[in-house]
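The next block holds one structure in the form of structure tokens; read it before the comments.
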Amino acid sequence: VGDGTTTVVLLAGEFLKEAKPFVEDGVHPQNLIRSYRTACNLAIEKIKELAVSIEGKSLEEKKSLLAKCAATTLSSKLIGGEKEFFASMVVDAVIAIGSEDRLNMIGIKKVPGGNMRDSFLVNGVAFKKTFSYAGFEQQPKKFMNPRILLLNIELELKSEKENAEIRLSDPSQYQSIVDAEWNIIYDKLDKCVKSGAKVVLSRLAIGDLATQ
239 VGDGTTTVVL
249 LAGEFLKEAK
259 PFVEDGVHPQ
269 NLIRSYRTAC
279 NLAIEKIKEL
289 AVSIEGKSLE
299 EKKSLLAKCA
309 ATTLSSKLIG
319 GEKEFFASMV
329 VDAVIAIGSE
339 DRLNMIGIKK
349 VPGGNMRDSF
359 LVNGVAFKKT
369 FSYAGFEQQP
379 KKFMNPRILL
389 LNIELELKSE
399 KENAEIRLSD
409 PSQYQSIVDA
419 EWNIIYDKLD
429 KCVKSGAKVV
439 LSRLAIGDLA
449 TQ
């Protein structure tokens, strides 16, 4: 995606080419490494001198400068023709998370089909998830400022993970055990509904009973 891999390889090859005569003359490789590191530090210092600060500039000026900076990294054959489009999107994403270093808050979801300009920025949370339960077509696909319920429990009926043994003295007691299992899951679902949450997220499984 224009991340400079080709440039790095070409530069490394050129550095090695220029270093070869010194190695042949008996210069120790460590001396060459120190020289390259010194040159790197000098180059970084010069870049900092040439840097343009965006502090105190208007939002539009910041966006314009940052977009130009972002566009320089988007010159690959794949997206080079749309670098202005994606540069603007990248800048909007970075500005949305604020000045704090929280780039891990930005995620990329790949969806097959369409073209590059079908890409868009969601200023919120997006889940690449296909709903597959009966009646999902009628459910809303977008929520604005919803109450979100975060869980770390299973919302489904399933067999015990550990070995479990129940001894019954009367076959009629079996139904009471089954009813108890259903009551447990129904109690969880009732509490979810009473919370008023429009979105329920869980680290563990959410079964068909819960989604329907």
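Quick note, in my numbering, the sequence shown goes up one by one and the last residue is 450.
Yeah, the Cβ is synthetic: ideal placement off N, Cα and C, and Gly gets one too.
In this text, all values refer to a predicted model and were calculated from it rather than measured experimentally.
List the residues that DSSP assigns as beta-bridge partners of residue i.
i	result
Leu-288	Beta-bridge pairing links Leu-288 to no other residue.
Ile-444	Leu-393
Quick one: what's got a C-beta closer than 7 angstroms to residue i's C-beta in the same chain, skipping five residues either side?
i	result
Tyr-412	Leu-406
Cys-430	Leu-387, Val-438
Phe-324	Leu-312, Ile-317
Phe-253	Tyr-274
Val-246	none
Name the residue from the options whose alpha carbon lies nearest to the alpha carbon of residue i.
i	options	result
Val-438	Ala-305, Val-416, Glu-392	Glu-392
Leu-387	Ile-444, Lys-301, Ser-314	Ile-444
Val-329	Glu-298, Met-354, Leu-288, Ile-271	Glu-298
Lys-436	Met-354, Val-349, Phe-381	Phe-381
Met-327	Thr-311, Ser-357, Asn-279	Ser-357
Arg-385	Lys-426, Trp-420, Ser-433, Gly-362	Ser-433
Val-416	Ile-404, Leu-427, Lys-426	Ile-404
Lys-366	Thr-244, Val-349, Val-290	Val-349
Val-363	Gly-351, Lys-379, Ile-282	Lys-379
Tyr-424	Asp-408, Ser-410, Pro-409, Asp-446	Asp-446
Ala-308	Met-354, Gly-242, Ile-422	Gly-242
In this structure, how does DSSP classify residue i when only helix, strand and coil are distinguished?
i	result
Ser-326	helix
Ile-453	An answer regarding residue 453 cannot be provided, because it is not within the stretch 239 to 450 covered by the chain.
Ser-273	helix
Val-363	coil
Val-438	strand
Leu-395	coil
Leu-406	coil
Leu-389	strand
Glu-338	coil
Gln-411	helix
Thr-310	coil
Ser-302	helix
Gly-242	coil
Asp-263	coil
Met-382	coil
Gln-376	helix
Gln-450	coil
Ile-333	helix
Asn-353	coil
Phe-253	helix
Near residue i, what residues of its chain come up, given a Cβ to Cβ distance below 6 angstroms and the 5 sequence neighbours on each side ignored?
i	result
Ala-257	Leu-270
Glu-287	none
Arg-441	Asn-390
Is residue i near the ligand NAD, judged by its Cβ being under 7 angstroms from some heavy atom?
i	result
Pro-409	Annotation note on the ligand NAD: not contained in the displayed structure, which lists no ligands.
Within the same chain, show all residues whose beta-carbon is closer than 8 angstroms to that of residue i, passing over the 5 residues directly before and after it, in chain order.
i	result
Lys-284	none
For chain E, check one thing: does any of its Cβ atoms lie closer than 8 angstroms to the Cβ of residue i?
i	result
Met-354	Any reference to chain E falls outside this structure, which holds one protein chain only.
Inter-stretch contact (C-beta, 8 angstroms, three-pair minimum) for the stretch 309-322 and the stretch 338-350: no
Touching by the beta-carbon criterion (3+ pairs, under 8 angstroms), the stretch 296-308 and the stretch 327-334: yes
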